[in-house]
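Visitor: In our numbering, the protein residues as written are 182 to 905.
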Amino acid sequence: MQAPVVVRFGNVVVDERRREVSRGGAVVPVQPKVLDVLLYLLRHRDRVVTRDEIFDAVWSDVVVGPASLSRAIREVRKALGDDGRNMVKTVPGHGFRFVAPADDLPVAVSPTAAPAGGRGALYGRARELASLARSLEEATRGRLVARFVCGEPGVGRTHLLEEFGAMATRSGARVLHGRVRHGDAGAPLSAWRDVAEGLGVSLDTDPADGSSGAIRCARARGLVAAVRAASSGGAVAILLDDADRADASSWRVLEDLLDGPPLARVVVVVTLRASARNAPEVLRAAGRALRADPEAVLELSTVDTDALAQIARERLGRPPSVAAVRKLTRLSGGHPLYARHLVAAAIRSGTALESLDVAPAVRTSSLRALVLSHLTEVHPDDRRILDAAGVLGIPFSAHLVAEVASVTPSEAMDSLQASLERGLLESGPGGFFDFVHEIVREVVFDVLTPSVRARLHRRAARALDRPLPDGGAPVDRVVRHYVEGAADGDAERALDVVCGAARSAARAAAFDVASGHLADALRVEALLPPDAARRRALHLELGMSLAKDGRIEEATVSFMKAAPPPTPAAVITGQAAFFSMAPDLPQVVKRFYALLFERHPHVKRLFVRSDPKVQRRMFGETLSALVEHATDDAWLDGHLAGLAGRHREYGVTLEMYDWVRAALLDALDEAAARAGRPSSAHETLGPLYDALARKMRSAEPAPGVSLPRLTPEAPCAHRPASGR
Ligand code: HEM
């Protein structure tokens, strides 16, 4: 690997590690590709470099025209203040050469005006940064600490986080980043994906693991253990950005980490929108952290006049006048990102900051309105690409965005270039592009009409619906686009995909995720021609999933919608109560048999055919299937006749149904008490058991018919012909 370029010439310093150009001590904003061109010229300043060489080095991933290079060279000269072309020379017929006398600086001591990050330096956050520095010190001393950075979009949460990350790296800590992108909002463990990858831990749930318990919880526990283990080699800083979009399981991992022993060299810094601060999962996690440390929550508000003056100075390359700072303070309201945009707007339009003004609407509603006013200047062709990118909500390649926007890749590339130049997008590693700030994406997305949004989602779903790894995407991302795009068409496929995702989430015991998918499935189903049976089956499946997730009241509502009238209310309550303890079922069944044999020892003699483990599994699965179909009389009659007939053959007598009832309900109550839930199995499940036992007791097998055993199936209501 080549050493990073850190070069000084005249009053300019170019620092490849920080990806920064500074002039006279102030950071000059430079587009990533422009910087790449400059770095290439500097690296090879002993000779002329050809245009083709630069294309290969900088745009190897995409095809761009000669205009892009000319534009980049123009930008390079502008950034360096090279008006007279004394630094970058055009060599006609050959290419370009960097000719100014320049010194390579030792990497460790290169002076730059500003610390890491392409956003410029961080001003006005000394107090917050000091607090984060203290948390890092504590972590280094062997404590596990957490900080929650709350603030409105654009106030500089990510900037502060990046600055802290750079500080932690400098101090020798291992820094792991996680960020929840809009396109991955709510996906299981989304906040921890990148962190897990950094630690070499897999979070993927393997459907082949079957229903052997809370697989995902086990993976999450593995992650928590891996974080702790990593800290035995030195301090670990975990930075979770935009955590307000994280799903419940991501928050549970954080809680698990905070609940564990306080001895670990770990600092976790979480950023979230101020408006998300009162969400229950945030309050729980932050509450834990606050108990250990009164500094745990940092509120980021606007910055002071001094910080605004520094921002202006950095962008202008000279100290701003008092009037300019006053103007900036009034217009930006102390909002650092807004202030940066205002200064950039002044520079772009050649207006003195003192006489800069913005439309009254922009002034009142600030940053979003400013972005909106920028967007109105964007050419409609370029806007199409931005719209597609806004719907994708993740870093994207030119090919992907072209497919979603229905344009050719080279048209997309031209538009992307234009948006890069306008400062709306930035390009990152691997040829991916992203919005410069989430606010820009939000504004682009928010102004789309519902029908355009649905159309783009549908196209995104199709573009991403391919097998991994060649261009496919994680299932949750594909599902979301299908669901949001279903109003535009493909509703059948959307239902297949979302049901498939619900099934695999349920198999991995991720019932919160499965419930979310099933609620979406019902929304999509409503777009199809009415089919009452299919809808009831979906409600039933949602009920089971919600109950298994412990949301009994919501589950009862779903079971009610699934039940054909007139179904006794007791049966519906029983279904919700039963499935709410389904994750504990294996232990409950074990305890049930123990109680039964303890109270009625002679019954044990009847159990001779199967291994106890197999018997327990068959009983549990059959019971679940019976409760699932408790409102389906025809199904029950068909299946219970066989079961009852076999029980008579086993030597089961009628009074034994009461013994089983008592042992089973007591075992359920014990499990509820252990989990801190009300022990009410006799009230909630008694009537349901009685209804089933009544049928079994009175069932007569058809003469001479050998009755099949029950084979409970995965309970997806809508079985797609081809799943993902
Ligand atoms: C709702 C009530 C019940 C359900 C759902 C149920 C379910 C099952 C299932 C699924 C099997 C596996 C074999 C097969 O499918 O035929 C089984 C076997 C058996 N059950 Fe039940 N059962 C119930 C009530 C009872 C009662 C009241 C007794 C009395 C003690 C009992 C005693 C047995 C015995 C002795 C076997 C055979 C085990 C062996 O030979 O290893 N069951 N039951």
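Cβ coordinates follow ideal geometry from the N, Cα and C atoms, glycine included.
Write down every uninterrupted run of the alpha helix (DSSP H) in the segment 392–476 whose length is 4 residues or greater and which is fully enclosed by it, in chain order.
Guide: 396–411, 429–440, 461–473
Visitor: Taking just the CA atoms, how far does residue 528 sit from residue 505?
Guide: 13 Å
Visitor: Taking only runs that begin and end inside the segment 595–632, name each unbroken beta strand (DSSP E) of 3 or more residues, in chain order.
Guide: 606–608, 614–616
Visitor: In whole angstroms, what is the alpha-carbon distance linking residue 644 and residue 370?
Guide: Cα-Cα distance, rounded: 24 Å.
Visitor: Starting from the N-terminal end, write out each residue whose C-beta falls within a distance shorter than 7 Å of any non-hydrogen atom of the ligand GTP.
Guide: Judged by which ligands are present, the ligand GTP is missing from the structure shown, whose ligands are the ligand HEM.
Visitor: Apart from the five residues just before and just after residue 760, which ones in its own chain have a Cβ nearer than 6 Å to its Cβ?
Guide: Taken in chain order, the residues that qualify are 725, 728, 729.
Visitor: Only counting runs of 4 or more residues, tell me where the alpha helix (DSSP H) segments fall wholly within the segment 823–878, in order along the chain.
Guide: 837–855, 862–865
Visitor: Classify residue 464: buried if its beta carbon has 16 or more other beta carbons within 10 angstroms, exposed otherwise.
Guide: exposed
Visitor: Apply the 10 Å Cβ neighbour rule to residue 571 and answer buried if 16 or more other Cβ atoms are within range, or exposed otherwise.
Guide: buried
Visitor: Pick out whichever of 573, 598, 566 has its Cα sitting closest to the Cα of residue 583.
Guide: 566
Visitor: Which term fits residue 508, buried or exposed, when burial requires 16 or more other beta carbons within 10 angstroms of its beta carbon?
Guide: Answer is buried; the Cβ neighbour count reaches 16.
Visitor: For the beta strand (DSSP E) holding residue 482, just list the boundary residues, first then last.
Guide: Looking at the DSSP string, residue 482 is not in any beta strand (DSSP E), and its letter there is neither H nor E.
Visitor: Tell me the DSSP secondary structure of residue 814 in three-state form.
Guide: In the three-state reduction of the DSSP assignment, residue 814 falls in the helix class, which pools H, G and I.
Visitor: Can you look up residue 196 in the DSSP assignment and give me helix, strand or coil?
Guide: strand
Visitor: Just to check my reading of the structure: residue 406 and residue 372 have Cβ atoms closer than 8 Å, yes? What is that Cβ distance to the nearest angstrom?
Guide: Contact flag wrong, Cβ pair sits at about 17 Å.
Visitor: Distance check for residue 675 and residue 809, CA to CA, integer angstroms please.
Guide: 25 Å
Visitor: Report the rounded CA-to-CA distance for residue 530 versus residue 538, giving the unit in angstroms.
Guide: 11 Å
Visitor: Can you list, in chain order, the residues of its chain whose CB lies under 6 Å from that of residue 662, leaving out five sequence neighbours each side?
Guide: 638, 641, 642
Visitor: Rounded to whole angstroms, how far is the Cβ of residue 262 from the Cβ of residue 204, which I believe are closer than 8 Å?
Guide: The pair is a contact, with the Cβ atoms about 6 Å apart (cut-off 8 Å).
Visitor: Just to check my reading of the structure: residue 821 and residue 880 have Cβ atoms closer than 8 Å, yes? What is that Cβ distance to the nearest angstrom?
Guide: 5 Å
Visitor: In terms of residue numbering, what span does the alpha helix (DSSP H) encompassing residue 384 cover?
Guide: Boundaries for residue 384: no alpha helix (DSSP H) harbours it, and the DSSP string shows neither H nor E there.
Visitor: For residue 716, which of helix, strand or coil comes out of DSSP?
Guide: helix
Visitor: Looking at residue 248: is its Cβ nearer than 8 Å to the Cβ of residue 214?
Guide: For residue 248 and residue 214, no; Cβs fall outside 8 Å.
Visitor: For residue 771, which option in 834, 847, 721 has the closest C-alpha, if you only look at C-alpha atoms?
Guide: 847
Visitor: Run through DSSP, which three-state label would residue 190 get?
Guide: strand
Visitor: Does DSSP put residue 329 in a helix, a strand or coil?
Guide: strand
Visitor: For residue 329 versus residue 477, is the C-beta spacing smaller than 8 Å?
Guide: yes
Visitor: Please specify which runs of the beta strand (DSSP E), each continuous and at least 3 residues long, are wholly inside the segment 193–271, giving them in chain order.
Guide: Runs of the beta strand (DSSP E) inside the segment 193–271: 193–196, 201–204, 207–209.
Visitor: What does a CB cutoff of less than 8 Å around residue 197 pick up in its chain, not counting 5 residues either side in sequence?
Guide: 185, 186, 187, 220
Visitor: Tell me which residues share the same chain as residue 597 and place their Cβ nearer than 7 Å to its Cβ, disregarding the 5 neighbours each side in the sequence.
Guide: 566, 579, 606, 614
Visitor: Short of 6 Å in beta carbon distance, which residues of its chain neighbour residue 720, apart from the five on each side in sequence? Order them along the chain.
Guide: 739, 742, 743
Visitor: Determine the DSSP secondary structure at residue 279, reduced to helix, strand or coil.
Guide: Three-state result, residue 279: strand.
Visitor: Can you check which of these residues, 190, 689, 480, is closest to residue 313 by C-alpha distance?
Guide: The candidate whose alpha carbon is nearest that of residue 313 is 480.
Visitor: Tell me which residues share the same chain as residue 669 and place their Cβ nearer than 6 Å to its Cβ, disregarding the 5 neighbours each side in the sequence.
Guide: 635, 636, 639
Visitor: If you check the beta carbons only, do residue 337 and residue 210 fall under 8 Å apart?
Guide: no
Visitor: Could you check the C-alpha separation between residue 245 and residue 591 for me, to the nearest Å?
Guide: 7 Å
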